[in-house]
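To start, the structure itself, in structure tokens.
Residue numbers (the numbering used here): 30 to 289.
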């Protein structure tokens with residue numbers, strides 16, 4: 030059995046238990062008594078922040094489930110600017126079982142990415158170990174390094190295109206390991222950074238400027254897109270004797286750019 034919804038509902042509009050005055054919490058991919066699968070928007074952190082419940086995905090989930098007494102638990106996570114499928118467990122038992130699938134590498138993940146340049150190969154695997162970037166001013170930045178943790182990223186070209194005389198490639202990405210920032214680092218290392226990537230796009234000051242509230246119009250124009258063009262399109266795994274697929278499509282700014 031496969032669970033899949035490509036035209037998800039909007040929480041607050043048609044999900045029971047959601048606050049009546051909150052209509053744009055997130056888009057629901059699937060919901061039942063055990064799990065909630067969400068299409069996380071770009072530019073939203075997963076974990077609680079100091080800026081109120083609406084400023085994080087888990088805060089919005091708590092609002093959505095406020096009248097149920099359920100204590101939601103994140104099963105997987107995405108970077109702030111990465112959109113796509115996030116899985117929430119509604120019980121301790123479901124959380125333990127699902128996290129075990131991630132820990133034992135039994136979840137197949139599929140991403141979409143728009144990168145700079147035209148990939149020469151139609152498909153392949155990037156195999157390069159990752160570790161902390163000791164030369165960077167960005168504390169969270171990693172890099173390819175020989176003494177790092179093993180990491181492999183599969184990719185397939187979906188289309189090559191040109192926009193305003195600049196070459197781009199739309200990729201289907203299948204990470205074989207789950208290291209921090211793995212896809213972003215591997216693609217940048219191959220000379221094809223993700224469009225809009227403020228850390229690995231070639232000028233890490235764009236990230237520092239964003240954090241410090243000094244991102245200039247020139248930097249925004251250089252980045253091209255407001256968020257990096259990486260979308261977690263699908264999760265595939267077997268759970269409780271069922272084949273599960275949760276999938277969702279990117280936001281309009283992503284699809285319109287990739288269709289150029």
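For every residue, glycine included, the Cβ atom is placed at its ideal position computed from N, Cα and C.
Legend entry - DSSP three-state assignment for residue 109, whether helix, strand or coil: Three-state DSSP puts residue 109 in coil, outside helix and strand.
Legend entry - residue 114 burial status per 10 Å Cβ neighbour count (16 or more: buried): Answer is buried; the Cβ neighbour count reaches 16.
Legend entry - With 16 other Cβ atoms within 10 Å as the buried cut-off, status of residue 211: If you draw a 10 Å sphere on the C-beta of residue 211, you find 16 or more other C-beta atoms in it, and that means buried.
Legend entry - Minimum length 3: unbroken beta strand (DSSP E) runs contained in the segment 58–112: DSSP runs (the beta strand (DSSP E)) wholly in the segment 58–112: 64–69.
Inset, instruction - Measure the alpha-carbon distance for residue 178 versus residue 159 and round it to whole angstroms. - result: If you draw a straight line from the Cα of residue 178 to the Cα of residue 159, it is about 5 angstroms long.
Legend entry - Cβ neighbours of residue 244 in the same chain (closer than 6 angstroms, five flanking residues each side left out): Excluding residues within five positions, the ones whose Cβ falls inside 6 angstroms are 238.
Legend entry - Delimiting residues of the alpha helix (DSSP H) encompassing residue 286: According to the DSSP assignment, residue 286 belongs to the alpha helix (DSSP H) that extends over 281–287.
Inset, instruction - Give the C-beta separation of residue 214 and residue 257 to the nearest angstrom, bearing in mind that I take them to be a contact with Cβ-Cβ under 8 angstroms. - result: Actually they are not in contact, since the Cβ atoms of residue 214 and residue 257 sit about 12 angstroms apart, beyond 8 angstroms.
Legend entry - Rounded C-alpha distance that separates residue 248 from residue 240: One C-alpha to the other measures close to 13 angstroms.
Inset, instruction - Return helix, strand or coil for residue 150, following the three-state DSSP convention. - result: DSSP places residue 150 in coil when its eight states are reduced to three.
Legend entry - Same chain, Cβ closer than 7 angstroms to residue 216, five either side skipped, listed in chain order: Excluding residues within five positions, the ones whose Cβ falls inside 7 angstroms are 142, 144, 222, 223.
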